[in-house]
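Asker: Residue numbers (this note's numbering), protein chains in the order written: chain A, 11 to 774; chain B, 2 to 96.
What follows is a structure written as structure tokens; I'll ask about it next.
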Amino acid sequence: MRKVINKMKKNIRVALLGNPNSGKTTLFNSLTGSTAYVGNWPGVTVEKKSGTYYFKGKGKDREGIDIIDLPGIYSLSPYTPEEVISRNYILKENPDVVINVIDATNLERNLYMTTQLLEIDVPVVLAVNMTDALAESGKTIDYAKLKEKLKIPVVPISALEEKGLDNLMKVTKVEANKKREAYSVITDKKIEKVTEIYKKYKIANPLFHAIKALEKDEIEESENKEAYADVQSLMAQDKEDYEAVIADLRYQFLTPLCAEISTKPHKSEKEKWTKSDRIDQVLTHKIFGMLIMIVALFFVFHFTFSGDLLFLNAFGVNFGEGYEGFLSIMVGGEEYRPFAGLIYTDGGINSIGEFFHVLAGDNETGILGLISLGIKALLLKWNAPEWVVGFFYDGLLNGVTAVLGFVPQIMILYTFFSIMEDSGYMARIAFMLDRIFRKFGVSGRAFIPMIMGFGCAIPAMINTRTLATEKERIKTIRVIPFFTCGAKAEFIAIIAAAIAAAVGVDAGLFTFSMYMLGILVAIVSVIVMNKTTQREKVPPFIMELPTYRTPQLKALTRHVYNKGKHFVIKAFTIILASTIVIWLLANFGWDWQMVDENGTGSILQSLGSFIQPLFTPLGFGVQAGEHGWTLTVASIQGIVAKENVTATAETLASIIDVDGFTGIVEAIGLSNAAVVAFSVFNLLTIPCFAAIATAKGELSNRKVYRWTIAYWFLLSYGLGALTYVSFAYVWTLAITIPVIALLIALLIIYDRHKKKQELLLENE
Amino acid sequence: MNEEKIIIKVGDLAKLSIVPIGTSGVIHLVSGQGRLGRRLLDMGLTPGAEVFLRKQAPLGDPLELTLRGYELSIRKSEADLIVIRVTDLDAKGDK
Chain A
11 MRKVINKMKK NIRVALLGNP NSGKTTLFNS LTGSTAYVGN WPGVTVEKKS
61 GTYYFKGKGK DREGIDIIDL PGIYSLSPYT PEEVISRNYI LKENPDVVIN
111 VIDATNLERN LYMTTQLLEI DVPVVLAVNM TDALAESGKT IDYAKLKEKL
161 KIPVVPISAL EEKGLDNLMK VTKVEANKKR EAYSVITDKK IEKVTEIYKK
211 YKIANPLFHA IKALEKDEIE ESENKEAYAD VQSLMAQDKE DYEAVIADLR
261 YQFLTPLCAE ISTKPHKSEK EKWTKSDRID QVLTHKIFGM LIMIVALFFV
311 FHFTFSGDLL FLNAFGVNFG EGYEGFLSIM VGGEEYRPFA GLIYTDGGIN
361 SIGEFFHVLA GDNETGILGL ISLGIKALLL KWNAPEWVVG FFYDGLLNGV
411 TAVLGFVPQI MILYTFFSIM EDSGYMARIA FMLDRIFRKF GVSGRAFIPM
461 IMGFGCAIPA MINTRTLATE KERIKTIRVI PFFTCGAKAE FIAIIAAAIA
511 AAVGVDAGLF TFSMYMLGIL VAIVSVIVMN KTTQREKVPP FIMELPTYRT
561 PQLKALTRHV YNKGKHFVIK AFTIILASTI VIWLLANFGW DWQMVDENGT
611 GSILQSLGSF IQPLFTPLGF GVQAGEHGWT LTVASIQGIV AKENVTATAE
661 TLASIIDVDG FTGIVEAIGL SNAAVVAFSV FNLLTIPCFA AIATAKGELS
711 NRKVYRWTIA YWFLLSYGLG ALTYVSFAYV WTLAITIPVI ALLIALLIIY
761 DRHKKKQELL LENE
Chain B
2 MNEEKIIIKV GDLAKLSIVP IGTSGVIHLV SGQGRLGRRL LDMGLTPGAE
52 VFLRKQAPLG DPLELTLRGY ELSIRKSEAD LIVIRVTDLD AKGDK
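Set out below in structure tokens:
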């Protein structure tokens, strides 16, 4: 019985609402102990998240408050899709209290939305956040006066230093049991009249809706049709632009209020250069700004992936045979040196990312190698049958460790990105690149989801909700997979190693050029879409540039840890499962008997060989001969998860008894052209199942979604074939180059034609 | 845009898109329509607000403004919708 009663007692439900970058997510994390990601650019939270705050106390009887973190918004008149989420939550889900989080160092604009929130019949607590930064700047706020003026409780807090949080929750709890009647800081006879109309229709929150109707809000028009129509007929004679008038009146209320309650009026601010301004002067410098950006991005990749730090080897420093490793072990009659090449190899000094990669290793090197070899040694000691050793060591461990070994390296990449985001530099890159991005047909704002694509396409696609127009979202979602994600970095690395072994091109250079290719394809795709199917006027670029701040170690480690966890979980679930299936299918024939060796006669071999000819134009079809099915299977597995390209290649290499991907390439005698084509195809093709599902959720139009999938496949197949043919038969360039030139010409003619039509339409 | 040198004096009304970097002024008019116009208003670009044209991006566009105590970036095309009354031509901005 008691349990039932406990369940009946519902927690108080509290929504966090505030401007982007006001510290809501930091507050949410501090209150709930969650590890939601915090960044320093507007729009980090694009979905609502919930957690629970517990008052200090013991055991299960502790009282809890459910907290919902909403996407940051500047106004309750939504502009982007994620802003609609916040507005709808407040109006339709009826939270018990809304905590309005505002940035103490930026009162005026933050309070603008507060004035709108006051027009809704919901208890509001004003949490004045970032009091630490306020104290640093030497300013003070008269909280008592603010409370008196706004007629709602005001609590100063610092979410970062976790100050004032208990007090905030106490106040919130008291407010939850109260009712608050909406009022507006604007007093106007028209508003009263219109409110009466809404009251007549018995619509909840009449004051809020009345003001939105006066502003001719689009959502209001579609949601409360009858009341809205009544309002418009009442206002028919009125020529006033209420939208501007109301916004103006709100600020007319706020400007003197802010001057009154803060000791230093903000007016003097522009006259003195803050630390943030001085940093900005360098980082967005007229000449050096772009240069610094390019160098910074280059070094992010260099420090993460290069095996020749600072190009010492390329400049002629000799590293002999490389570092031998301090350990030598014997397993199954073979000698292994798990830590060989840890610090430097014959190719140069390892970058920090490469160091961690070698340290983590695979099933015969690094820490993972020690574990794997340990298991193998145990199995051998117990005289386990050969197939058992094969299953655990060459199947399971081979696939999983191939993926796990890259996790530390990817975490390093994330660390760099997180630093750029948390510091506020990412927003400046968007600011600097807007001019270029606009030429392609998207705003500089699209840079943020695109660069997030280097980490993982899923959060990147969700982040497109911060973009202003639907077409801009479509364009961005379609090109996000071309920004090489962490999982793709893995197979690029093994392909780079194969290329390095075959022709001696530096692995770092190959990796870099694959990243560049992805970016180039993304740019061309956006341009083409912008000129053909997704034509639109350049979306506007109105973005807050946050103050620079030192990245917080706590937030940084939380974020990087979460990303690492994501990859580790994936390795032990979907990758592990795929590896087992692949191993079984590669070792058993249709008669459920184990096949002898080389996988000949196995289910997987026959399936792979059946599909294999599909890849003939890409150079790894029929040309690849009897072992070619391994590459076909790896590519198809890549559509499940991109880590599978690596894991499957490793597992199948052991089946056909060669050493890794490089071994497969050598066994087949695959041409370099085909290896590059294999890389291009897997880089650009349909991403993973998870990304497909996300794209489906984010693209509201079914047809657009289907075309997106088709586009990914056809483009990767076409470019893969083009790569192979151009490398293998150079003379074909004499045909392809004119054809491409013709296509470009056609595109330009089409664009001109369309422009004329659009101009005519506009003039009409 | 216009290559001609336009001389702007303190007290003039001018579009925010043509005044030199370092100009301060008070917003006189915001003429944006629809969603774009409302967004500009919501971000605090309302008549009577003081703005300071702090800088332009390395490639010349977008612009960075200081208003109501924070930094906002808008393009020249959006600045074209905003008319200010110039109050100061030589506040500190970087070129």
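Note that the Cβ used here is the ideal one computed from N, Cα and C, for glycine as well.
In this text the structure is predicted, and so the values were computed from the model without any measurement.
Look up Y721/A in the DSSP assignment and say whether it is helix, strand or coil.
Answerer: Residue 721/A sits at position 711 when you count from the first residue of the first sequence. In the structure shown, Y721/A sits in a helix (DSSP, three-state: H, G or I).
Asker: Does P48/B have its Cβ less than 8 Å from a Cβ in chain A?
Answerer: Counting from one through the second sequence, the residue named residue 48/B turns up at place 47. So, interface residue.
Asker: Count the other CB atoms within 10 Å of the CB of M442/A; is the residue buried (16 or more) or exposed (fewer)?
Answerer: For the purposes of this step, residue 442/A is taken as residue 432 along the first sequence, with counting starting at 1. M442/A is buried by the Cβ-count criterion.
Asker: Do you know offhand how far K212/A's Cα is from Y122/A's?
Answerer: For the purposes of this step, residue 212/A is identified with residue 202 of the first sequence, where counting begins at 1. For the purposes of this step, residue 122/A is identified with residue 112 of the first sequence, where counting begins at 1. Those two C-alpha atoms are separated by around 27 Å.
Asker: Would you say L68/B touches the ligand HEM, meaning its beta carbon is less than 7 Å from a heavy atom?
Answerer: As for the ligand HEM, it is missing from this structure, which has no ligand bound.
Asker: For H569/A, does the three-state DSSP call read helix, strand or coil?
Answerer: Position 559 of the first sequence, counted from the start, is the residue given in the question as residue 569/A. Correct three-state label for H569/A: helix.
Asker: Return the chain-ordered list of same chain residues with a C-beta closer than 6 Å to the C-beta of P549/A, the five sequence neighbours on each side being excluded.
Answerer: Residue mapping note: residue 549/A aligns to position 539 of the first sequence, counting from 1. Same-chain partners within the cutoff: S453, A478, T479, E482.
Asker: Using the Cα positions of S78/B and K210/A, report the straight-line distance between them to the nearest angstrom.
Answerer: Translated into positions along the second sequence, residue 78/B becomes position 77. Translated into positions along the first sequence, residue 210/A becomes position 200. Taking the straight line joining both Cα atoms gives about 43 Å.
Asker: Please report how far the alpha carbon of N177/A lies from the alpha carbon of G70/B, in whole angstroms.
Answerer: Against the first sequence, residue 177/A aligns to sequence position 167. Against the second sequence, residue 70/B aligns to sequence position 69. So the alpha carbons of these two residues sit roughly 28 Å apart.
Asker: Quick one: Cα of K199/A to Cα of F263/A, how far?
Answerer: To locate residue 199/A, count along the first sequence from 1; it is residue 189. To locate residue 263/A, count along the first sequence from 1; it is residue 253. Distance between the alpha carbons of K199/A and F263/A: 17 Å.
Asker: My output table needs one value for H295/A: the three-state DSSP class, helix, strand or coil.
Answerer: Along the first sequence, one-based indexing puts residue 295/A at 285. DSSP places H295/A in coil when its eight states are reduced to three.
Asker: Mind pulling the chain A residues with CB within less than 8 Å of G45/B?
Answerer: Along the second sequence, read from residue 1 onward, the residue named residue 45/B stands at position 44. By Cβ distance, chain A contributes E118, R119, Y122, Y261.
Asker: Could you tell me how far apart the beta carbons of T672/A and A517/A are, in whole angstroms, since I believe they sit closer than 8 Å?
Answerer: Within the first sequence, residue 672/A is the residue found at index 662, counting from 1. Within the first sequence, residue 517/A is the residue found at index 507, counting from 1. 11 Å between Cβ atoms; not a contact.
Asker: In the segment 548 to 566 of chain A, which residues sit with their C-beta less than 7 Å from some C-beta in chain B, listed in chain order?
Answerer: Going along the segment 548 to 566 of chain A in chain order, one finds P550, F551, I552, M553, E554, L555 with a Cβ nearer than 7 Å to chain B.
Asker: May I ask you to list, following chain order, the residues of the segment 19 to 48 of chain B that have a beta carbon less than 8 Å from some beta carbon of chain D?
Answerer: Any reference to chain D falls outside this structure, whose protein chains are A and B.
Asker: Is the CB of A58/B under 8 Å away from at least one CB in chain A?
Answerer: Here residue 58/B corresponds to residue number 57 of the second sequence, with the count starting at 1. Yes, A58/B counts as interfacial toward chain A.
Asker: A254/A touches chain B at which residues, Cβ-Cβ below 8 Å?
Answerer: Counting from 1 along the first sequence, the entry for residue 254/A is found at position 244. V31, G38, L42, T47, P48, listed in chain order.
Asker: Alpha carbon to alpha carbon, how far is N473/A from I458/A? Give it in angstroms, no decimals.
Answerer: Counted from its first residue, the first sequence places residue 458/A at position 448. Counted from its first residue, the first sequence places residue 473/A at position 463. Each residue's Cα considered, the two are about 8 Å apart.
Asker: Closer than 7 Å, Cβ to Cβ, to anything on chain A: give me those residues from the segment 75 to 91 of chain B, in chain order.
Answerer: So the list reads I75, R76, E79, given in the order they occur along the chain.
Asker: At the level of alpha carbons, what is the spacing between E279/A and N29/A?
Answerer: By 1-based counting over the first sequence, the position of residue 279/A is 269. By 1-based counting over the first sequence, the position of residue 29/A is 19. With a pLDDT of 48 at E279/A, under the threshold of 50, the modelled position of this residue cannot be trusted, and the question is left open.
Asker: Is the distance from the Cβ of T62/A to the Cβ of I83/A below 8 Å?
Answerer: The count along the first sequence starts at 1 and reaches residue 62/A at position 52. The count along the first sequence starts at 1 and reaches residue 83/A at position 73. No; because the gap between Cβ atoms is not below 8 Å, this pair is not in contact.
Asker: Please list the partners that G299/A has in chain B, where partner means a Cβ-to-Cβ separation under 7 Å.
Answerer: Residue mapping note: residue 299/A aligns to position 289 of the first sequence, counting from 1. P59, listed in chain order.
Asker: What residue from K541/A, L519/A, I537/A, A683/A has the CA that sits closest to R762/A's CA?
Answerer: Looking up residue 762/A in the first sequence gives position 752. Here the closest residue by C-alpha is K541/A.
Asker: Just to confirm, are V685/A and I502/A a CB contact at a threshold of 8 Å?
Answerer: Position 675 of the first sequence, counted from the first residue, corresponds to residue 685/A. Position 492 of the first sequence, counted from the first residue, corresponds to residue 502/A. Taking 8 Å as the Cβ cut-off, V685/A and I502/A do not qualify as a contacting pair.
Asker: On the three-state DSSP scale, how would you describe P166/A?
Answerer: Taking the first residue of the first sequence as 1, we reach residue 166/A at position 156. Of the three classes helix, strand and coil, the one that applies to P166/A here is strand, per DSSP.
Asker: Would you verify that the beta carbon of L17/B is, or is not, closer than 8 Å to some beta carbon of chain A?
Answerer: Here residue 17/B corresponds to residue number 16 of the second sequence, with the count starting at 1. It does not: the Cβ of L17/B has no partner Cβ on chain A nearer than 8 Å.
Asker: Residues of chain A with a CB under 8 Å from the CB of L73/B: which are they?
Answerer: Taking the second sequence and counting its residues from 1, the one referred to as residue 73/B is at position 72. Per Cβ cutoff of 8 Å: I552, M553, E554, L555.
Asker: Of the residues A257/A, Y354/A, A412/A, which one's Cα is nearest the Cα of N373/A?
Answerer: Taking the first sequence and counting its residues from 1, one reaches residue 373/A at position 363. Closest option to N373/A, Cα to Cα, is A412/A.
Asker: Beta strand (DSSP E) containing A137/A: first to last residue?
Answerer: Taking the first sequence and counting its residues from 1, one reaches residue 137/A at position 127. Looking at the DSSP string, the run of the beta strand (DSSP E) that includes A137/A is 134 to 139.
Asker: Can you look up V605/A in the DSSP assignment and give me helix, strand or coil?
Answerer: Position 595 of the first sequence, counted from the first residue, corresponds to residue 605/A. Coil.
Asker: So what's V181/A in DSSP terms, helix, strand or just coil?
Answerer: If you number the first sequence from 1, residue 181/A lands on position 171. DSSP places V181/A in helix when its eight states are reduced to three.
Asker: How far does the beta strand (DSSP E) with A15/B in it extend, from its first residue to its last?
Answerer: The residue given as residue 15/B occupies position 14 in the second sequence. Segment 14 to 16, the beta strand (DSSP E) holding A15/B.
Asker: Could you say if the segment 44 to 53 of chain B and the segment 18 to 29 of chain B meet the contact criterion of at least three C-beta pairs nearer than 8 Å?
Answerer: The segment 44 to 53 of chain B, when compared against the segment 18 to 29 of chain B, does touch it at the 8 Å Cβ threshold.
Asker: Would you list the residues sitting across from G61/A in a DSSP beta bridge?
Answerer: Here residue 61/A refers to the residue found at position 51 when the first sequence is read from its first residue. I77/A.
Asker: What does S194/A reach in chain B if we use C-beta pairs closer than 8 Å?
Answerer: Within the first sequence, numbered from 1, the residue matching residue 194/A stands at position 184. Under the 8 Å cutoff, chain B gives no residues; its nearest Cβ is about 16 Å from S194/A.
Asker: What are the start and end residues of the alpha helix (DSSP H) that includes F2/A?
Answerer: There is simply no residue 2/A to check, as chain A begins at 11 and stops at 774 in what is shown.
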